[in-house]
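Participant: Below you'll find the structure I mean.
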Amino acid sequence: MEESKKIYWKGLEQLTNDSEFVKHADNEFGQAPEENLGHSRRDFLKMMGFGMSAVALAACEAPIRKAIPYVNKPVDVDPSIANYYASTYTNGGDYCSIVVKVREGRPIKIDGNSLSSVTKGGTSAQVEASVLSLYDNSRLRAPKAFNSKTTWENLDKQIIEKLGTVAVSGGKIVIVSNTILSPSTKTTIEKFNAKYPSTQHVVYDQVSAYGMLKANEESFGTAMIPSYDFSKANVIVSIASDFLTSGVSPIEATKQYAQGREVGEEKKEMSRHYQFETILSLTGANADYRSQIKPSEEGAVAIELYNLIAAKAGRASVGKGVSKPYLENAANDLWASRGKALVVAGSNDKAVQVIVNGINDMLGSYGSTILGTPVNFRQGNDEAMANFVKEAQAGSVAAVIFYNCNPVYDHPMGAELAEGLKKVGVKIATAYKEDETGSLADFIAPDHHYLEAWNDAEPKKGYYSIAQPAITPIFKSRAAQESLLVWAGETNVDYFEVLKNNWKNWFFTGGNFQAWWDKCLYDGVLENPGAGATLSFGGNVSAAADAIAVNYKTAEWEFVAYENGTVGNGSQANNPLLQELPDPITKAVWDHYVTVSAKDVSDIDFREAKTVYATLGINGKEVRLPILVQPGQTPGTIGIPLGYGRTKAGKVADGIGVNIYPFATLVNGSLSFSGAVTKFEKSSETYQIATTQTHHTYMGRQTVIQETVLSEFQEKDWKREYQPEVTTWRDKDHKVKPGELSMWKGHHYNNHHWGMAIDLNTCTGCAACVVACNVENNVSLVGRQEVINRREMHWLRIDRYYSSAVQPESWSWKQAEAAAENPEVVFQPMLCQHCNNAPCETVCPVAATTHSTEGLNQMAYNRCIGTRYCANNCPYKVRRFNWFKYHDNEQFAQSNPAMNTDLGKMVLNPDVTVRSRGVMEKCSFCVQRIQNGKLGAKKERRPLQDGEVVTACQAACSTGAIVFGDINNPESKISKLLKIRPTKNEKDEEDITRVDKIAENPRAYQVLEEIGVKPNIWYLAKVRNKSKAEA
Amino acid sequence: MPPDSRFVPLEVKPDTTPIMIKHFTSSLSKFLSVVTLFFLISFTGQSQSIPEDAASISAGQTLFNGNCKSCHKVHQQSVGPALKNVYERAPSIDWIKGWIRNSAKVVASGDEYGVKIFEEYKKSQMTAFTNFSDEQIMNILAYIQAETKKGPDTATAPATGAPAAGAETGGGLPANYLNVILIGMVLILVLLVIILGFLISSLKRFLDQKNLSEEDREVVHSPITASTISRSRGFIFIVTFLVAALGFKAVINGLYSVGIQQGYAPKQPIAFSHKLHAGDYEIDCKYCHTGVMKGKSATIPSVNICMNCHRAVKTESPQIQKIWQAADWNAETLSFGPNQKPIEWVRIHNLPDLAYFNHAQHVNVGGVACQTCHGPIETMDVVRQYSLLTMGWCIDCHRKTDINSKGNAYYDRLVELHNSSKPGTNMKVEDNGGLECSKCHY
């Protein structure tokens, strides 16, 4: 890279070339487990004796194994053949249309449902991981009354009696829930209301959008959230909205966003994205221009943007804004592409949202990038919930039903509510676990897990989605809707019948009902989108600006609590897949921390995530957490992830971190997750955060990431900067590509040649693929300490690189600070590259890793003797060694329940071996899926079609950044994307079966191309839509 | 176990393959429930329309064996009625067509003759073959007509050539050569002994004619006794060597057999006989092992498959009563009861967890006969593990077996490439990566 001065680094220690980092980078495996290898002669004799008896025993009759067939086999279940059912993931206001893979009656994998035009086949890390929550050992086995197990009959009798008494005395009954997307559930609640007219339904959300609802009520007359379409926007400005992770509809937004970011030879345009934010969020990491603001400045930035655009639109300016870098550019770009522009804000303050609505109105976004079709995702009412807590405290609530929600943990007034519940006569919870709220209830009527239940959802007006059970309920749980109907004294309580009748009455238009219903179940979705309402803006912008001026004062230290991309709002915190998933930005696992700018804590030597604790004072409360030094964070601010500090979630999550919800306050009528920090003290107590950030690095090879800016990419005959060439023996001017030279003759792939393309431009780094890979391939989870020991097992990791044009003159922490102030970010999914000249294969002394005739680098676990030479020789550092037996091992029961509990084992993929101690493993390109796809074609006696074999990571990728396929097939999607051209053989004929293929897509490159290992994975260089001067 | 190697010869010999597994033409769904058929009343003249040419009869035989044979015989009553003369007994040919395509519909329509048969055969329902064409049904009738005319003797001749594995004929010519060579060598050795004997006696005579000392004379005339031989160095060396070598061989053999269960024939909870079902009654393997064409597992039949026949057949047997108990069968309502108890069969063929084997790939795609791996299963009263099931055994077959590429478009391009690169040779499984690790281990 002669031209560009840019440097890439994973962590500050790499930037400063810290000695410890270098030491670890050299040492592939970190430290080997300590073992006393000083065996004595007696030990030898003992072992010999044991060995002899083991052989003698093995020679005896093998244990008797039983084969137990069905008595009456269901027609559609065939052992060893997977069934797929369309269903719907709902978790509060989160939604995803899914397809569940079921083997012998057990759900084992979740994929997106491409028939849904809301989520369009996309998933997220939480959705992918939710299959393991089904087999959570901390689930309730049966209903409970007053802390002891009971039967449903008993429970119903007691509850009906108590509710009857309450109803007679006219006492207030409150149903508390998160946003309910299901129209049929709403009807059951109505039926309950009809029986008990004194019932009030209070809806709250962990991270609410109440400010947006109120702002829209003021602006458009109805309290609703419109549909955003990021794909139609040429310019996107986000003011502290992390719409790719924790926005209103992150999966949908990710899909749309990627559409706008996609470039190719045919489409040399892409959207431009400005982000103004406090912490470095996933969305901010994907932005072209990123500017740092404090949380208190969100409103002022919105006002400034409003005024800048108002000046162009000829409207009056309002209030007083604050100028920030790139804000003026953003305004110019927005105005230039008005009608195709979009401004979003993450603030939950009505005033900020009104201003943003005003901006969008001036830009003509309504009707183009913002559509009038309302979404139902976040309908929580912060004020109603706060009122309910106060009423409970005052003793004016007679009975409460917590419908699948956990406000004692995840509502800011949880502690007050816990106090108030003592004065509530009847307390009922329907959660499927005895969580923080459930444990305070008199009665727990456990609901099914969503994979066991019938349900429906209406994520958007006119877009319906159905959830069908993929497994018979494992425990004695009962649909919460059915519970409500029983308590309401209904005769028809079968929720499935209720649901089916509802759909019949609402949507069925005639014809054969059974056929129509079957089609609904098959598709999983039913879409009758009507024309969205026309939104005409009528908000009071100047009043909003005044409110902002009153409500926000900048403080020296400010905090912002946020949902991260792994445990999110904490409702799935007991899922180890999410706990061990590296946070897309910080790369921390199993830990709770506060993020602080390097500038603010220059005295902390944050090497290998070794840090100290900080004590924060917020609203008179204190919190003590380790400090994580985060490049890109606004100086003077502290970011704290939500979702930790669970106390009754289960073995996995309990005791990790601190509950941050209590620090949120009501500002301008809605919850605000930011504010002033009155005290910020560092203690001397040290702590090491488990992060994967600097594990598996490339020793300073800077060409691993290749990028350009849009204006250059648009030039005719654009070429990547880095085009390595090797001088040959012929003469010094004869240069060839490194891939053209080889010591080997090369393989011939007559049948298939599997390859993968990963588009760095559309990859947002969301890490859904990592979880999907874990679930598909039975990848062990190793727990916090083992991650610190650098022994995480993930086959697919996402390397997050920071880059900055600032070249440190000397390797010092002070220099690093400057580079780390506001770096660019790029994500690179890294997995086994399936090299055609694989360095790992040549060093294996037992030929446990070999090359297949389809281009796969194969790993035979039963052959591996654990020399680890292969991992030492892998330039991409993608091989993982099993240091321990992670299955059936008490030591890993907490971190790896999927292999250590009978219940958890049900999630394992029966087609993939569970690896044992002492063997190497790595990405197999989902060879079980390849084999299955080929078998399907062979059984039908036809050639394999493109798209029949899909790897787990590809299926999980919402943005379509990962494309897998047969590059021997010129018609395949990947061949066309990479523009694969066969090279010539000895007879000078084009021969597609040869290994050497040329990818003519100018963006396509192979990582470490110069070392000539000929990978089967190509990356497509990242294109940033920013001016060349600033890139 | 064959003496020559640990590998069982695996050539698939189409001509020795039993009839019952010859025809894989029909889809499995057709086998899923039991059959009953027609009777009575002749319609003269109708048999005129039944074709009599050899092609139709042969096509009919194929269809009959593939679809009908599990329940019907031509001259004997089986699960369903004997089918001889059916074309004359049944009300009409059209009636037969309707009955084959959906007997339940005929019964439901109140057809007198249909209801009568249904009652007679304890209300067991015949599988509906909805996708049979008129021509196919006529071909089946053609076959039945031909068999009817042939009479029972020829039609019920036992299945020929039951054992499939070619162990007996496998090594013909080389074994003969070996014998000839051995006999030749023995002859040569005997000749040598005789010549040596002559030499010794003539040497003795020569020495006797000389004047030898007493000591030398003793040596020349030393007697050859058992004790002198057993004390000779050469003898001790040979014996020690042989004992050591045999011992070593035994240890090696023992170690190789660790974990190998060849010949394993455990007692099963129900004394089910494959000889009776697959051998004598010639019920198609796929009728019970429904998964074999579809997926990894061939599947041990579920009780409801047994009950297809055994709701009516041999119900008094104590073994059948065990099935009834498992199903909690209600003979009145002809339905499964609430207290079902799955049958716990003892698993015979145990592959290690690290090996992936898929029945559909071998049987459906590869066209490998069941007997190739499972041995002469139709002769086994108690099933035993016939093959070694070691990796060497798998690999051996993958080296020897041709890919069943005929009529499978998946292989078209591969065959073309193979023929151009290695003309004149057959494409073996190993030529398409059949020996690669991750074809079976992942």
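Listed in order, the protein sequences are those of chains A and B. Each residue of the first sequence is one higher than the one before, counting from 35 in the numbering used here. Each residue of the second sequence is one higher than the one before, counting from 1485 in the numbering used here. The C-beta atom is built at its ideal place from N, Cα and C for all residues, glycine as well. Keep in mind the model is a prediction, meaning the values are calculated, not measured.
Name the residues in the segment 1770-1792 of chain B whose C-beta lies less than 7 Å from a C-beta of chain A; which are they?
Facilitator: The segment 1770-1792 of chain B vs chain A, Cβ under 7 Å: 1775, 1778, 1779, 1780, 1781, 1783, 1784, 1785, 1786, 1787, 1788.
Participant: Taking all protein chains shown into account, do 16 or more other C-beta atoms lie within 10 angstroms of the C-beta of residue 582 of chain A, making it buried, or fewer, making it exposed?
Facilitator: buried
Participant: Can you tell me whether DSSP reads residue 1624 of chain B as helix, strand or coil?
Facilitator: helix
Participant: Closer than 6 Å by C-beta to residue 902 of chain A: which residues in its own chain qualify, once you throw out the five before and the five after it? Chain order, please.
Facilitator: 915
Participant: Chain A partners of residue 1926 of chain B, CB-CB under 7 Å?
Facilitator: 946, 947, 958, 961, 962
Participant: Name the DSSP beta bridge partners of residue 1830 of chain B, please?
Facilitator: A:100
Participant: Compare the C-beta of residue 972 of chain A with all C-beta atoms of chain B and state if any pair is closer than 8 Å.
Facilitator: At a cut-off of 8 Å between beta carbons, residue 972 of chain A contacts chain B.
Participant: Taking Cβ positions only, does residue 1821 of chain B come closer than 8 Å to chain A?
Facilitator: no
Participant: Is the Cβ of residue 812 of chain A closer than 8 Å to any Cβ of chain B?
Facilitator: no
Participant: Assign residue 1670 of chain B to buried or exposed, taking buried as 16 or more other Cβ atoms, counted over all protein chains shown, within 10 Å of its Cβ.
Facilitator: exposed
Participant: Note down the Cα distance separating residue 1509 of chain B from residue 1550 of chain B, rounded to an integer number of angstroms.
Facilitator: At residue 1509 of chain B, the pLDDT of 33 sits below 50, so the modelled position is not reliable; the number obtained from the coordinates is stated separately. When rounded, the distance between both Cα atoms is 7 Å.
Participant: Roughly how many whole angstroms lie between the Cα atoms of residue 1899 of chain B and residue 964 of chain A?
Facilitator: Cα to Cα, the separation comes out at about 21 Å.
Participant: Starting from the N-terminal side, write out each stretch of the beta strand (DSSP E) that is 3 residues or longer and does not extend beyond the segment 1847-1916 of chain B.
Facilitator: Runs of the beta strand (DSSP E) inside the segment 1847-1916 of chain B: none found.
Participant: Among A:953, A:801, A:693, A:99, which one has its Cα closest to the Cα of residue 993 of chain A?
Facilitator: A:801
Participant: Check this for me: beta carbons of residue 167 of chain A and residue 598 of chain A, under 8 Å apart or not?
Facilitator: Result no, Cβ atoms of residue 167 of chain A and residue 598 of chain A do not sit closer than 8 Å.
Participant: Residues in its own chain within less than 8 Å of residue 335 of chain A by CB, not counting five upstream and five downstream?
Facilitator: 273, 310, 327, 355, 356, 358, 361
Participant: Measuring only the C-alpha atoms, how far is residue 1017 of chain A from residue 780 of chain A?
Facilitator: 12 Å
Participant: Rounded to whole angstroms, how far is the Cβ of residue 476 of chain A from the Cβ of residue 461 of chain A, which I believe are closer than 8 Å?
Facilitator: Contact between residue 476 of chain A and residue 461 of chain A holds: CB atoms are separated by about 5 Å, below the 8 Å threshold.
Participant: Cβ-heavy atom distance between residue 82 of chain A and the ligand FMN below 7 Å?
Facilitator: In the structure on display, the ligand FMN does not appear, and there are no ligands present to speak of.
Participant: Quick check on residue 99 of chain A - is its C-beta less than 8 Å from some C-beta in chain B?
Facilitator: yes
Participant: Rank A:798, A:752, A:138 by C-alpha distance to the C-alpha of residue 320 of chain A and give the top, closest one.
Facilitator: A:798
Participant: Going by the CB atoms, is the gap between residue 491 of chain A and residue 216 of chain A shorter than 8 Å?
Facilitator: yes
Participant: Name, please, each residue of chain B whose Cβ falls closer than 7 Å to the Cβ of residue 426 of chain A.
Facilitator: Within 7 Å Cβ-Cβ: nothing; residue 426 of chain A doesn't reach chain B, min ~47 Å.
Participant: With residue 1794 of chain B as the anchor, note down where its alpha helix (DSSP H) starts and where it stops.
Facilitator: 1787-1794
Participant: Output needed in chain order: residues of the segment 1824-1845 of chain B with a Cβ under 9 Å from some Cβ in chain A.
Facilitator: Hits within the stretch, in order: 1824, 1825, 1826, 1827, 1828, 1829, 1830, 1831, 1832, 1834, 1836, 1837, 1838, 1839, 1840, 1842, 1843, 1844, 1845.
Participant: Taking 8 Å as the CB-CB limit, is residue 975 of chain A close to chain B?
Facilitator: yes
Participant: When the Cα of residue 1690 of chain B is compared with those of B:1575, B:1699, B:1678, B:1705, which residue comes out closest?
Facilitator: B:1705
Participant: For residue 1917 of chain B, which residues in chain A fall below 8 Å Cβ to Cβ?
Facilitator: 785, 886, 887, 888
Participant: Using 8 Å as the threshold, is the C-beta distance between residue 1533 of chain B and residue 1623 of chain B below it?
Facilitator: Judged by their CB atoms, residue 1533 of chain B and residue 1623 of chain B are not nearer to each other than the 8 Å cut-off.
Participant: Count the other C-beta atoms from every protein chain shown that fall within 10 angstroms of the C-beta of residue 1683 of chain B, then say buried if there are 16 or more, exposed otherwise.
Facilitator: exposed
Participant: With DSSP as the reference, please indicate the residues paired to residue 360 of chain A in a beta bridge.
Facilitator: DSSP, once it has assigned bridges, lists no residue as partnering residue 360 of chain A.
Participant: Could you have a look at residue 294 of chain A and say whether DSSP puts it in helix, strand or coil?
Facilitator: Residue 294 of chain A: helix per DSSP, three-state reduction.
Participant: Which of the three DSSP states, helix, strand or coil, is assigned to residue 438 of chain A?
Facilitator: In the displayed model, residue 438 of chain A falls within coil according to three-state DSSP, outside both helix and strand.
Participant: Using a C-beta cutoff of 8 Å, does residue 107 of chain A count as contacting chain B?
Facilitator: So yes, residue 107 of chain A belongs to the interface.
Participant: If we count the other Cβ atoms within 10 Å of its Cβ and call it buried at 16 or more, is residue 126 of chain A buried or exposed?
Facilitator: buried
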